[in-house]
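K.L.:
Note that the protein sequences, when read in sequence, are chains S and H.
Be aware that the first sequence starts at 5, since it is given in this note's numbering, and climbs by one per residue.
Be aware that the second sequence starts at -16, since it is given in this note's numbering, and climbs by one per residue.
Positions of the beta carbon are idealized from the N, C-alpha and C atoms, including for glycine.
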Amino acid sequence: MADRKTLQAVMISGHTNPSPGFAMQRDLEVCKLVDTTTCIGCKACEVACVEWNDLPFTPTTFDNTYQTMPETGYHFWNLIKFNEHQNPDGTIQWLMRKDQCMHCADPGCLHACPADGAIVKYANGIVDFNQENCIGCGFCVSGCPFNIPRFNPSTKRVYKCTLCSDRVGEGLEPACIKACPTGCLKFGTKDDMKFIAEERAKQLRDNFGWQNAGVYDPQSVGGTHVIYVLHDATDPERYGNLPKDPQIPWSYTWWKWLFKPVLGTFALFGLLGVLAHHVTHGPRVPQPEPPKKDDNIGGAY
Amino acid sequence: MSSRAIEHFDDKARETFEHAGRTTVYGGELLRHPVYTRILHWTVALFFFLALFSGFGIYLPWLFRWFTPIFGGGQLSRIMHPYFGVAFVFFFALQALNWIQPMLWAPGDTRWLRNIKTIASGEEKMDPPDTGFFNAGQKAMFWEIVAGCIVYLITGIILWAGAKTFGRISVAISYVLHDISALIMLGGIFIHIYLSTIGEPGTFHSMIRGAVSEAWAWTFHPAWYKQVTGRDPVQACEEARRQMNAGSKS
Ligand code: HEM
């Protein structure tokens, strides 16, 4: 994992050909593991993210919780969401979830993006935005089931968590991981993280009485490269709108990759059609025309 | 707005714009489109193409990214496109008011459409005698554009404001409808440009100088010819043919 090969692009937005060099090599997929049961809400990861990515200050909003602001921003890619959940027995659960890009295996933002090369998915699973190719159309915002891409009105481009692709490409862990004091954030290969997460969920079920404890790795988007351990995996919505069954609208899959080019070509065939009509049938001219010749002399070829 | 108010508004506009230009009708010609109509038509066409070309860069940048430098790059195309679109819809709305009267569907139009094969193949040299100021094909395109503008406007506003305002599903649906509407309209415009230039020679003048030859009028819009000249189109054509034949013999 500790080499640049992991930053080999395997999917490119708005790009119909296979990515250059695709499948030339086998690489490990990386994964960030967030154990919500051991997060203490210290927000060290928020600070580390802003620091490493050199993001300017974003004004915070106080809404009677510990949450820094209502949702992530174009200069704030990592946000701990604080939620108070009332259990059926009347007790209160204080839930903290690190909200950021999930780096889906099947990324809705990338499917929605029309701009060639503005969004890429690397062989290691990281989904990254290349702002120099972004046209600011905002389709990725509606393609994302996790409400992550953020449009910056002054640069007219969209931003989100990069999973520190610049660090990972050099064999380092993401900045948020490095900052976490409790070890609730872990980073490694997808297989390893999945294993640790399942072990932890089992521990929660067997030893702590969380019968519904489980791992959040939604298969409706092919799995994600950020996975959560939840106290109650049957109801992820309570962790600040984590969708139970994230979906990519069909208009970004079928329409974009099949009907859009096909129908676009049909429209261009319309142009060829009228020209063909002109060549085979000729114009309709105002009457009367000059008298016709008896036979078409000279048309042997 | 009552139909009388629309008529009043259009009459006022036509009168006002008559001072902005000139329409010369020579002998053997008929007035087809006044200055107001022509200015509107070309303003509509201008904004249509600006919206179309800036839209291409958003539709399939993979294929059409070479359009975007015209507008100063991808982001600027994306910013300008909605303004072009709104201008297009606005000026077409004026044109729709201007043309709503002659565009109303008439009983002969359905017959014309059923007959379209013989007309398009050129088998029938002249349009059916009940073809008025606009034929059914032109009316169909007009109403397609009206419907298309409504779709553009609703879906366009949703796409403009984005998923933050209207939710991601409405954006995903709007974008497909917006594209389909554009593709249908584009196909119609190809046919339109073809017929109004090289497909039916003489038509282009109606939107440039505002006048058409009488032969053009009795061939393509016989009922309109009869209405403005009081003469029978078929007889007028036959007379012209006799004169032509006599001329070629001498
Ligand atoms: C280079 C492009 C274009 C050319 C050469 C052109 C030419 C013409 C001409 C000559 C007419 C008069 C037809 C007649 O008097 O019977 C006309 C009518 C009309 N034009 Fe265009 N036009 C163009 C683009 C457009 C565009 C982009 C639109 C709208 C999106 C448009 C909408 C219409 C409509 C609705 C009519 C009346 C119905 C019809 O004649 O089909 N035109 N055009």
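1. When burial is assigned at 16 or more other CB atoms within 10 Å of the CB, is residue 288 (chain S) buried or exposed?
2. State yes or no: is the beta carbon of residue 139 (chain S) nearer than 8 Å to at least one beta carbon in chain H?
3. Jot down the residue ranges of each uninterrupted beta strand (DSSP E) in the segment -15 to 41 of chain H, minimum 3 residues, whole runs only, in chain order.
4. By DSSP's criteria, residue 232 (chain S) is part of a beta bridge. Which residues make up the other side?
5. Quick one: using the 10 Å Cβ neighbour count with 16 as the cut-off for buried, is residue 85 (chain S) buried or exposed?
6. Quick check on residue 65 (chain H) - is its C-beta less than 8 Å from some C-beta in chain S?
7. Buried or exposed for residue 17 (chain S), going by 16 or more other Cβ atoms inside 10 Å?
8. Chain S partners of residue 238 (chain H), CB-CB under 7 Å?
9. Determine which residues share a DSSP beta bridge with residue 161 (chain S) and list them.
10. Mapping the DSSP letters down to three states, classify residue 108 (chain S) as helix, strand or coil.
11. What are the boundary residues of the beta strand (DSSP E) that residue 118 (chain H) is part of?
12. Just list the residues that DSSP pairs residue 223 (chain H) with in beta bridges.
13. Nearest to residue 173 (chain H) by CA position, among S:280, S:133, S:142, S:232, is which residue?
14. Do you know offhand how far residue 96 (chain S)'s Cα is from residue 35 (chain S)'s?
15. When we look at the beta-carbon of residue 211 (chain S) and count the other beta-carbons within 10 Å, is it buried (16 or more) or exposed?
16. What are the boundary residues of the beta strand (DSSP E) that residue 102 (chain S) is part of?
17. Is there at least one non-hydrogen atom of ligand 1 closer than 7 Å to the beta-carbon of residue 202 (chain H)?
18. Cα separation between residue 0 (chain H) and residue 18 (chain H)?
19. Note down, in chain order, each residue of its chain lying with its Cβ closer than 7 Å to the Cβ of residue -7 (chain H), except the 5 sequence neighbours on either side.
20. Secondary structure at residue 239 (chain H), three-state DSSP: helix, strand or coil?
21. If you draw a straight line from the C-alpha of residue 82 (chain S) to the C-alpha of residue 52 (chain S), how long is it?
22. If you draw a straight line from the alpha carbon of residue 15 (chain S) to that of residue 124 (chain S), how long is it in whole angstroms?
23. Whose C-alpha, out of H:44, H:111, H:155, is nearest the C-alpha of residue 94 (chain H)?
24. Return the bridge partner residues of residue 58 (chain S) from the DSSP annotation.
25. Measure from the alpha carbon of residue 202 (chain S) to the alpha carbon of each residue in S:176, S:231, S:226, then state which is nearest.
26. Near residue 107 (chain H), what residues of its chain come up, given a Cβ to Cβ distance below 7 Å and the 5 sequence neighbours on each side ignored?
27. Taking C-beta pairs closer than 9 Å, name the residues in chain H that residue 267 (chain S) reaches, listed in chain order.
28. Does DSSP put residue 90 (chain S) in a helix, in a strand, or in coil?
29. Three or more C-beta pairs closer than 8 Å, one from the segment 146 to 158 of chain S and one from the segment 147 to 164 of chain H: is that the case here?
30. Is the beta carbon of residue 27 (chain H) within less than 7 Å of some heavy atom of ligand 1?
31. How many angstroms separate the CA atom of residue 136 (chain H) from the CA atom of residue 30 (chain H)?
32. For the segment 117 to 138 of chain S, list every residue whose C-beta sits within 7 Å of some C-beta in chain H, in sequence order.
33. Pick out whichever of S:98, S:142, S:33, S:56 has its Cα sitting closest to the Cα of residue 128 (chain S).
34. Excluding five sequence neighbours on each side, which residues of the same chain lie with their C-beta closer than 8 Å to the C-beta of residue 14 (chain H)?
35. At a cut of 8 Å, does the segment 240 to 249 of chain S reach the segment 98 to 106 of chain S through at least three beta carbon pairs?
36. Answer with yes or no whether the minimum CB distance from residue -5 (chain H) to chain S is below 8 Å.
P.N.:
Result, derived from the coordinates:
1. As a first step, residue 288 (chain S) must be located in the first sequence, where it is residue number 284. Classified as buried, residue 288 (chain S) has 16 or more neighbouring CB atoms from the shown chains inside 10 Å of its CB.
2. On the first sequence, residue 139 (chain S) is found 135 positions in, with the first residue counted as 1. Judged by the 8 Å Cβ criterion, residue 139 (chain S) is in contact with chain H.
3. Along the length of the segment -15 to 41 of chain H, whole beta strand (DSSP E) runs at least 3 residues long occupy 12 to 14, reported in chain order.
4. In the first sequence, counting from the first residue as 1, residue 232 (chain S) sits at position 228. The partner list for residue 232 (chain S) (beta bridge, DSSP) reads S:38, S:220.
5. Taking the first residue of the first sequence as 1, we reach residue 85 (chain S) at position 81. By the 16-neighbour rule on beta-carbons within 10 angstroms, residue 85 (chain S) is buried.
6. Within the second sequence, residue 65 (chain H) is the residue found at index 82, counting from 1. Chain S contact via Cβ: absent.
7. Mapped onto the first sequence, residue 17 (chain S) falls at position 13. Result: buried.
8. Nothing can be reported for residue 238 (chain H): it is not among the residues displayed for chain H, which extend from -16 to 233.
9. Here residue 161 (chain S) refers to the residue found at position 157 of the first sequence. Under the DSSP definition of a beta bridge, residue 161 (chain S) partners with S:156.
10. For the purposes of this step, residue 108 (chain S) is identified with residue 104 of the first sequence, where counting begins at 1. Three-state result, residue 108 (chain S): strand.
11. Along the second sequence, read from residue 1 onward, the residue named residue 118 (chain H) stands at position 135. It is not in any beta strand (DSSP E) - residue 118 (chain H) carries neither H nor E in the DSSP assignment.
12. Stepping through the second sequence from its first residue, residue 223 (chain H) is reached at position 240. Beta-bridge pairing by DSSP links residue 223 (chain H) to no other residue.
13. Here the question's residue 173 (chain H) lines up with position 190 in the second sequence. Closest by alpha carbon: S:280.
14. For the purposes of this step, residue 96 (chain S) is identified with residue 92 of the first sequence, where counting begins at 1. For the purposes of this step, residue 35 (chain S) is identified with residue 31 of the first sequence, where counting begins at 1. The alpha-carbon atoms of residue 96 (chain S) and residue 35 (chain S) are separated by roughly 31 Å.
15. As a first step, residue 211 (chain S) is located in the first sequence; it is residue number 207 there, counting from the start. Result: exposed.
16. Your numbering for residue 102 (chain S) matches position 98 in the first sequence. Where residue 102 (chain S) is concerned, the enclosing beta strand (DSSP E) starts and stops at 96 to 103.
17. Residue 202 (chain H) sits at position 219 when you count from the first residue of the second sequence. No, the Cβ of residue 202 (chain H) stays beyond 7 Å of every heavy atom of ligand 1.
18. By one-based count along the second sequence, residue 0 (chain H) stands at place 17. By one-based count along the second sequence, residue 18 (chain H) stands at place 35. Residue 0 (chain H) and residue 18 (chain H) have their alpha carbons spaced roughly 6 Å apart.
19. Along the second sequence, read from residue 1 onward, the residue named residue -7 (chain H) stands at position 10. Excluding residues within five positions, the ones whose Cβ falls inside 7 Å are 80, 81.
20. No information on residue 239 (chain H) is available, as it lies outside the stretch -16 to 233 that chain H covers here.
21. For this step, residue 82 (chain S) is matched to residue 78 along the first sequence. For this step, residue 52 (chain S) is matched to residue 48 along the first sequence. Their backbone Cα atoms lie some 9 Å apart in a straight line.
22. Residue mapping note: residue 15 (chain S) aligns to position 11 of the first sequence, counting from 1. Residue mapping note: residue 124 (chain S) aligns to position 120 of the first sequence, counting from 1. Cα to Cα, the separation comes out at about 5 Å.
23. In the second sequence, counting from the first residue as 1, residue 94 (chain H) sits at position 111. Per the Cα distances, H:111.
24. Residue 58 (chain S) sits at position 54 when you count from the first residue of the first sequence. Note: residue 58 (chain S) sits in no beta bridge, so no partner.
25. Mapped onto the first sequence, residue 202 (chain S) falls at position 198. Nearest option by C-alpha distance: S:231.
26. As a working note, residue 107 (chain H) is residue 124 in the second sequence. Answer for residue 107 (chain H): 101, listed in chain order.
27. As a position in the first sequence, residue 267 (chain S) is number 263, starting the count at 1. Among the residues of chain H, those whose CB is under 9 Å from the CB of residue 267 (chain S) are 162, 163, 166, following chain order.
28. Counting from one through the first sequence, the residue named residue 90 (chain S) turns up at place 86. Residue 90 (chain S): strand per DSSP, three-state reduction.
29. Using a C-beta cut-off of 8 Å, the segment 146 to 158 of chain S makes contact with the segment 147 to 164 of chain H, since at least three inter-stretch Cβ pairs fall below that distance.
30. Within the second sequence, the letter at position 44 stands for residue 27 (chain H). Correct: residue 27 (chain H) has its Cβ closer than 7 Å to ligand 1.
31. Residue mapping note: residue 136 (chain H) aligns to position 153 of the second sequence, counting from 1. Residue mapping note: residue 30 (chain H) aligns to position 47 of the second sequence, counting from 1. The straight-line gap from Cα to Cα measures roughly 14 Å.
32. Going along the segment 117 to 138 of chain S in chain order, one finds 118, 119, 120 with a Cβ nearer than 7 Å to chain H.
33. By one-based count along the first sequence, residue 128 (chain S) stands at place 124. Each of S:98, S:142, S:33, S:56 was checked against the Cα of residue 128 (chain S), and the nearest Cα belongs to S:33.
34. What you label residue 14 (chain H) is simply residue 31 of the second sequence in a count that begins at 1. Once the five neighbours on either side are set aside, the close Cβ partners of residue 14 (chain H) are 6, 8, 193, 194.
35. Contact between the segment 240 to 249 of chain S and the segment 98 to 106 of chain S is present: three or more C-beta pairs spanning the two stretches fall below 8 Å.
36. Working through the second sequence from its first residue, we reach residue -5 (chain H) at position 12. By this cut-off, residue -5 (chain H) is not an interface position.
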